[in-house]
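Written out below as structure tokens is the structure these notes cover.
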Amino acid sequence: MMRCSLSALFLTVALGWTSSASAQSCNFTVSTLSFGNVDTLSGSATNSTATISASCSGYSVLTPRVLVCPNIGAGTGGATAGARQMAGAGTLNYQLYSDASRTAVWGSYAWPYPARAPAMAVGLLLGAGSASDTIYGSVFGGQQAVPTGSYLAAFSSADVEFLYRATSSSDCTTPSGTAARPTFNVTANIPANCLVSAQNLDFGTNGVLNTNVDATGGVAVQCTQNSAYSVSLGGGNANGTPTERKMSRLLESVTYGLYKDAARSQPWGDVATPGSTVPGSGSGGTQNFTVYGRVPAQQTPSPGVYNDTVVVTVTY
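Count along the sequence shown from 1, add 22, and you get the number used in my numbering.
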């Protein structure tokens, strides 16, 4: 008789969770805040921005957010209560702000001024997340006397401390959390620039031109600090020499000259007459030059209004 023997094999399958500790950290980068070319003569502010990029990971899946307090100090250019500064051939005042209207100064708990860092939140999904924020910069107007050249404020680890922690709070008034120290630069360039305006020269109403008729006009020049320049006066509509320009009416004309000096001995012209231009060096402020005009004795033309247009050119 045959017997069958049955045996059961019981396989126990176990599913286990292993726990591994992952580092909770945030990484930051800050782009260069470049103002580009700053026109100091305009009197207006020059604005620009930089971007803070944050990336956090390693947090519990139950952690909803990380608070970042991006403390930014003075930078290598220094600061006063009213402005940060870039250094170059001189000092260029600017400021960093946390708002687009540029009213809330971006500060740090570590500096002696009232402004503090704004709160920046990084939202997390499954323990990781990223965010960005904008730094708003402004170079102040009214800095005409600042010399030309490149300007820089470097923000090293001594000036930058981003404190971050997992919390629902938005309090950045006191230091708390893990520190990260990204670095960045603030840059600007002041190119040479000049502005010019002119005052008309009017010889008035005259009868017979049997004697000299003198009058004066003016040229106002404003150039950036230490910018060398020269002022030239064109030959007028008839393209005459400095002492033989022509005021015209119909087919007739009156000869006149423009000079650098009251004695009318130094003609004022352009590069076509070597040595006849007027040199200068910019101070940032307005520099005024008198134009001395003379109508010499000559044959008197028909009565009427005679005029000419002279182009003032500043080369720098």
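Virtual Cβ for every residue (Gly too), placed ideally from N, Cα, C.
>> For residue 81, report the span of its beta strand (DSSP E) as first-last.
In response: For this step, residue 81 is matched to residue 59 along the sequence shown. Where residue 81 is concerned, there is no enclosing beta strand (DSSP E), given that its DSSP letter is neither H nor E.
>> Taking 7 angstroms as the limit between beta carbons, can you name the residues of its chain near residue 63, skipping five residues before and five after?
In response: Locating residue 63 in the sequence shown gives position 41, counting from the first residue. 166, 215, 217, 244, 246, listed in sequence order.
> beta strand (DSSP E) containing residue 317: first to last residue?
Replying inline: Indexing the sequence shown from 1 puts residue 317 at position 295. The continuous beta strand (DSSP E) containing residue 317 extends over residues 308-317.
> Helix or strand or just coil, what does DSSP make of residue 155?
Replying inline: Here the question's residue 155 lines up with position 133 in the sequence shown. If DSSP states are grouped into helix, strand and coil, residue 155 belongs with the strands.
> Any contact of the region 120-139 with the region 172-179, i.e. 3+ C-beta pairs under 8 angstroms?
Replying inline: No contact exists between the region 120-139 and the region 172-179.
> If you draw a straight line from the C-alpha of residue 87 to the C-alpha of residue 197, how long is it?
Replying inline: If you number the sequence shown from 1, residue 87 lands on position 65. If you number the sequence shown from 1, residue 197 lands on position 175. When rounded, the distance between both Cα atoms is 18 angstroms.
> Should residue 315 be labelled buried (16 or more other beta-carbon atoms within 10 Å of its own) or exposed?
Replying inline: Within the sequence shown, the letter at position 293 stands for residue 315. Under this definition residue 315 is a buried residue.
> DSSP on residue 329, reduced to helix/strand/coil?
Replying inline: Locating residue 329 in the sequence shown gives position 307, where the first residue counts as 1. Reduced to three states, the DSSP call for residue 329 is strand.
>> With a threshold of 8 angstroms, are at least 3 pairs of Cβ atoms found where one atom belongs to the region 181-191 and the other to the region 297-316?
In response: no
>> Contact between the region 255-264 and the region 277-297 is defined here as three or more beta-carbon pairs at a separation below 8 angstroms; is this criterion met?
In response: yes
>> Given a cut-off of 7 angstroms on the beta-carbon distance, is the pair residue 159 and residue 56 in contact?
In response: Taking the first residue of the sequence shown as 1, we reach residue 159 at position 137. Taking the first residue of the sequence shown as 1, we reach residue 56 at position 34. Cβ atoms of residue 159 and residue 56: not closer than 7 angstroms.
>> Closer than 8 angstroms is the cut-off here; do at least three beta carbon pairs connect the region 200-207 with the region 99-118?
In response: no
> Would residue 60 pass as a contact of residue 237 if the rule is Cβ separation under 7 angstroms?
Replying inline: If you number the sequence shown from 1, residue 60 lands on position 38. If you number the sequence shown from 1, residue 237 lands on position 215. Not in contact: residue 60 and residue 237 (Cβ atoms no closer than 7 angstroms).
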